[in-house]
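Residues 46 to 178 in the numbering used here are what the sequence shown spells out, letter by letter. Have a look at the structure below, then the notes.
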Amino acid sequence: MPALRFVSALLGAAGVILGALGAHALHATLSARHSADSWETAVFYHLVHVVMILVVTAGTGSAPPAKEGSERLRTSGPAGCWLAGILLFSGSIYVLALGGPRWLGPVTPLGGLFFIAGWLWAAAGMLREKRRA
Numbered sequence: 046m047p048a049l050r051f052v053s054a055l056l057g058a059a060g061v062i063l064g065a066l067g068a069h070a071l072h073a074t075l076s077a078r079h080s081a082d083s084w085e086t087a088v089f090y091h092l093v094h095v096v097m098i099l100v101v102t103a104g105t106g107s108a109p110p111a112k113e114g115s116e117r118l119r120t121s122g123p124a125g126c127w128l129a130g131i132l133l134f135s136g137s138i139y140v141l142a143l144g145g146p147r148w149l150g151p152v153t154p155l156g157g158l159f160f161i162a163g164w165l166w167a168a169a170g171m172l173r174e175k176r177r178a
């Protein structure tokens, strides 16, 4: 799990950089293309889900050996979905906002589905925990 946390930290830095670029260096371009709001949406979802990846993976590596497999699945499942969501949802919006190929349009909702799947997976993991308690 440390690799996923490391990637998340890098994605967090990238999210802040992309937010700053959208507000400053790319502001005129995004405004001219009427895509500044889309860029902000991409940055918002990007950063929210980076934080969630860090949250769900925060205690990994400290589970007893018997629980290690289920713990890994409970945390890496949602985190993997959110990572895919960041790349597909936010990534496609970033590219489209800068005039990228229109065929990327259908990729955006696919990324949204990954976000939703991650949240549902996290909820299912919480229900399983509650039943064990």
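Just so it is clear, CB atoms sit at the ideal spot from N, CA and C, and this is done for glycine as well.
Exercise. Are the beta-carbon atoms of ALA87 and ILE138 separated by less than 8 Å?
Worked result: yes
Exercise. Would the segment 131-145 and the segment 64-78 be scored as touching if the rule is three or more Cβ pairs under 8 Å?
Worked result: yes
Exercise. Can you tell which of ARG147, TRP148, GLY150 and PRO154 has the C-alpha that lies nearest to the C-alpha of ALA129?
Worked result: PRO154
For this session: Report yes or no: do the segment 61-68 and the segment 98-105 share at least 3 C-beta pairs separated by less than 8 Å?
Result: no
Exercise. Quick one: is the Cβ of ALA59 within less than 7 Å of any heavy atom of the ligand ADP?
Worked result: Within the structure as shown, the ligand ADP is missing, as the structure has no ligands at all.
Exercise. Exposed or buried, what is SER53 when buried is set at 16 or more other beta-carbons lying within 10 Å of its beta-carbon?
Worked result: buried
Problem set entry | Rounded distance between the beta-carbons of SER135 and HIS91, thought under 8 Å | 4 Å
For this session: Pick helix, strand or coil for ARG78, following the three-state DSSP scheme.
Result: coil
Exercise. Buried or exposed: which applies to PHE159, given that a residue is buried once 16 or more other Cβ atoms fall within 10 Å of its Cβ?
Worked result: buried
Exercise. Which word fits GLY104, buried or exposed, when buried means at least 16 other C-beta atoms lie within 10 angstroms of its C-beta?
Worked result: exposed
For this session: Determine the contact status of GLY170 and ARG119, defining contact as a CB-CB distance below 8 Å.
Result: yes
Exercise. Which residues bound the alpha helix (DSSP H) around PHE134?
Worked result: That residue, PHE134, is in no alpha helix (DSSP H); it is neither H nor E in DSSP.
Exercise. Is it buried or exposed for ALA48, if we count other Cβ within 10 angstroms and need 16 for buried?
Worked result: exposed
Exercise. Which residue from ILE131, LEU149, LEU165 and ARG147 puts its Cα closest to that of LEU55?
Worked result: ILE131
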